[in-house]
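Residue numbering for the sequence shown follows the numbering used here, beginning at 68 and increasing consecutively.
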Amino acid sequence: MSAPSHPSAPSAAPLRFALVGCGAIAPTQAQALKELPGLALLTHCVDIDPARAEAFAAKYSLNPATWAAVLADPAIDVITLCTPSGHHGSLAAEAFRAGKHVIVEKPLEVTVPACDALIAVQRASGRRLAVISQHRFDPASQTVRRLLNEKALGHLIAADVRVPWYRTQEYYDSGDWRGTWALDGGGCLMNQGVHTVDLMLWLCGPVREVYARTATAAHERIEVEDLVCATLSFSNGAIGTLFASTAAYPGFPVSLAIHGTKGSAVIEGDELKTLAIKGSETITGPAASAHAMQVATGGTKSAVKNAAAPAPQNLTDPAGWKWGDAHRAQFADFITSIREKRPALVEGESAREAIALIHAIYESARTGFPVSL
Ligand SMILES: NC(=O)c1ccc[n+]([C@@H]2O[C@H](COP(=O)([O-])OP(=O)(O)OC[C@H]3O[C@@H](n4cnc5c(N)ncnc54)[C@H](O)[C@@H]3O)[C@@H](O)[C@H]2O)c1
68 MSAPSHPSAP
78 SAAPLRFALV
88 GCGAIAPTQA
98 QALKELPGLA
108 LLTHCVDIDP
118 ARAEAFAAKY
128 SLNPATWAAV
138 LADPAIDVIT
148 LCTPSGHHGS
158 LAAEAFRAGK
168 HVIVEKPLEV
178 TVPACDALIA
188 VQRASGRRLA
198 VISQHRFDPA
208 SQTVRRLLNE
218 KALGHLIAAD
228 VRVPWYRTQE
238 YYDSGDWRGT
248 WALDGGGCLM
258 NQGVHTVDLM
268 LWLCGPVREV
278 YARTATAAHE
288 RIEVEDLVCA
298 TLSFSNGAIG
308 TLFASTAAYP
318 GFPVSLAIHG
328 TKGSAVIEGD
338 ELKTLAIKGS
348 ETITGPAASA
358 HAMQVATGGT
368 KSAVKNAAAP
378 APQNLTDPAG
388 WKWGDAHRAQ
398 FADFITSIRE
408 KRPALVEGES
418 AREAIALIHA
428 IYESARTGFP
438 VSL
């Protein structure tokens, strides 16, 4: 079937969205889209459970609809998929074939072949794909990326990355898909850790070899891991460690410590907690963000020019940053990237790299040998 002609391209009217999958992440997305007047208009919602779609529609003043109806509606420009991870590929393919742009919640898909198939359908469609990896948009992440681009930390030598989270047994029991290989795609690393794996790759570059151990230590009735330890060799010569968990009671903040020949930056709980550069005073706490910005912008402005995509506006001001703001920033980036015909910050190809690394880690844990990427 050929794709219908698309209504969104020439005008600067807001893109019209339909949200699919009215579960846990859906309110964050609906709120973020509502906070983008002029860019986005969320009009419809869909769920395989019609009662869920109706309740969600009532709460956010939307039209509850069926999947077939939103695909057939020429007024809908973008489908945003908030369904279980292992359904992302098949639903996205249908949406692309219907001529829609697609945003997929993380992870892109649960296997590398499924990611590749999804990307192939997207390319053939000529439509655009973004994958939610909202922590790339956090002010701390944007700032550290600038510092690394500016070589303010020297050459990268090591990364120490931790996702020591906790999820109850009730969490895993709350949905049939949770903790399954087929639909969750993995455990603490694929579902929860993928954010931080993606951020690490974006900041530190590709990994060329992993050696890992995994365990299912503190949950029942799940097929997947709740503990991961891995050592990493990056293509640029740096080495790293990665710890991820949903068994670390009561749960601790995510941290990424990035060490270069000239200094270190530590992100903890989505904030820049420490910036230490040789010859300068070490700065900790909120002041580290302001200082990092001074360092990053005190040199040339090339960090912004060299970034994979322009830094969206106001993303480097951490004051008042709250849950949901990063989703909003990512939606804004995606919509303006369509308008400006430039890449978005998290395209499908880029999001695929985290899935490839996670599967290399799983393979190493399964075989007991290092795995090359
Ligand atoms: N970016 C983030 O921080 C973040 C946070 C949580 C979840 N997620 C991701 O969002 C996705 C959904 O996770 P969740 O926790 O909201 O799950 P959930 O189980 O709470 O919600 C999923 C919803 O999708 C519906 N659904 C299932 N199959 C469907 C289909 N074929 N068509 C339409 N609706 C369908 C279910 O009925 C349910 O309402 C996952 O991929 C997850 O990894 C991202």
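Glycine included, C-beta positions come from ideal geometry on N, C-alpha and C.
As the structure is a prediction and not an experimental result, all values here were calculated from the model.
Integer-rounded CB distance, given that residue j should sit under 8 Å from residue i
| i | j | result |
| --- | --- | --- |
| V177 | S152 | 5 Å |
| V295 | A279 | 6 Å |
| F163 | S192 | 4 Å |
| V228 | I146 | That belief does not hold up - the Cβ atoms of V228 and I146 are roughly 32 Å apart, past 8 Å. |
| I422 | C182 | 5 Å |
| V264 | I425 | 6 Å |
| A160 | L185 | 6 Å |
| G415 | Q189 | 6 Å |
| A418 | G307 | The pair is not a contact, with the Cβ atoms about 20 Å apart (cut-off 8 Å). |
Classification of residue i by the beta-carbon crowding that lies within 10 angstroms, buried from 16 upward
| i | result |
| --- | --- |
| Y316 | exposed |
| H222 | exposed |
| F123 | buried |
| P174 | buried |
| N381 | Residue confidence for N381 is low, a pLDDT of 45 falling below 50, so the modelled location carries little weight; the figure read from the coordinates is stated next. The residue is exposed, with fewer than 16 neighbouring Cβ atoms inside 10 Å. |
| A139 | exposed |
| F436 | exposed |
| N216 | buried |
| K126 | exposed |
| Q236 | exposed |
| E287 | exposed |
| A187 | exposed |
| A443 | The question about residue 443 has no answer here: the residues shown for the chain are numbered 68 through 440. |
| R194 | buried |
| A411 | buried |
| A207 | buried |
| A284 | exposed |
Of the listed residues the options, nearest to residue i (C-alpha basis)
| i | options | result |
| --- | --- | --- |
| G252 | V274, M267, D293 | D293 |
| L214 | T403, I334, C255 | I334 |
| M104 | E416, A423, A399 | Here residue 104 is Pro; the residue named in the question, Met, does not match the sequence. It is A399 whose Cα lies nearest to the Cα of P104. |
| E348 | R419, V274, G330 | G330 |
| P441 | D116, L108, A305 | There is no way to answer for residue 441, as the model of the chain reaches only from 68 to 440. |
| A311 | S300, A197, L323 | L323 |
| S404 | I289, L196, R245, P320 | L196 |
| G352 | I344, L339, V198, K345 | L339 |
| D337 | Q96, I289, D205 | D205 |
| V179 | M257, G346, P141, A355 | M257 |
| A332 | G318, W388, D243, R212 | R212 |
| V321 | F301, Q96, E416, M267 | M267 |
| E420 | I170, A160, W269 | W269 |
| K345 | P410, K218, F319, R409 | K218 |
| F319 | V230, R119, P94 | V230 |
| G90 | P141, R119, W244 | R119 |
| W244 | I325, A207, H155 | H155 |
| T95 | K389, I115, G242, E121 | K389 |
Spatial neighbours of residue i in its chain, beta-carbon cut-off 7 Å, leaving aside the 5 residues before and after
| i | result |
| --- | --- |
| H111 | A85, L129, N130, A132, V137, I143 |
| A79 | R406 |
| H262 | K173, S200, H202 |
| T313 | W232, Y233, R234, G254, C255, Q259, D293 |
| G327 | L220, G221, H222, L223, I224 |
| A99 | G391, H394, R395, F398 |
| N303 | L223, G272 |
| A355 | L339, K340, T341, L342 |
| L158 | V87, L148, T150 |
Cβ neighbours of residue i in the same chain (closer than 6 Å, five flanking residues each side left out)
| i | result |
| --- | --- |
| A249 | G153 |
| W134 | V113 |
| T281 | E292, V295, A432 |
| V277 | A297, L299, A427, I428, S431, V438 |
| I325 | A226, A332 |
| K101 | none |
| S369 | With a pLDDT of only 28 at S369, under the threshold of 50, the placement of this residue in the model should not be trusted; the figure read from the coordinates follows. No residues qualify anywhere along the chain. |
Close Cβ partners of residue i (< 8 Å) along its chain, the five nearest in sequence each way excluded
| i | result |
| --- | --- |
| I92 | C149, E172 |
| L82 | S75, L106, A107, L108, D144, V145, H168, I402, I405 |
| G246 | Y239, G254, H286, R288, I289, E290, V291 |
| I275 | Sequence inspection shows Arg at residue 275; the Ile mentioned does not correspond to that position. Excluding residues within five positions, the ones whose Cβ falls inside 8 Å are S300, F301, S302, S439, L440. |
| G242 | G90, P151 |
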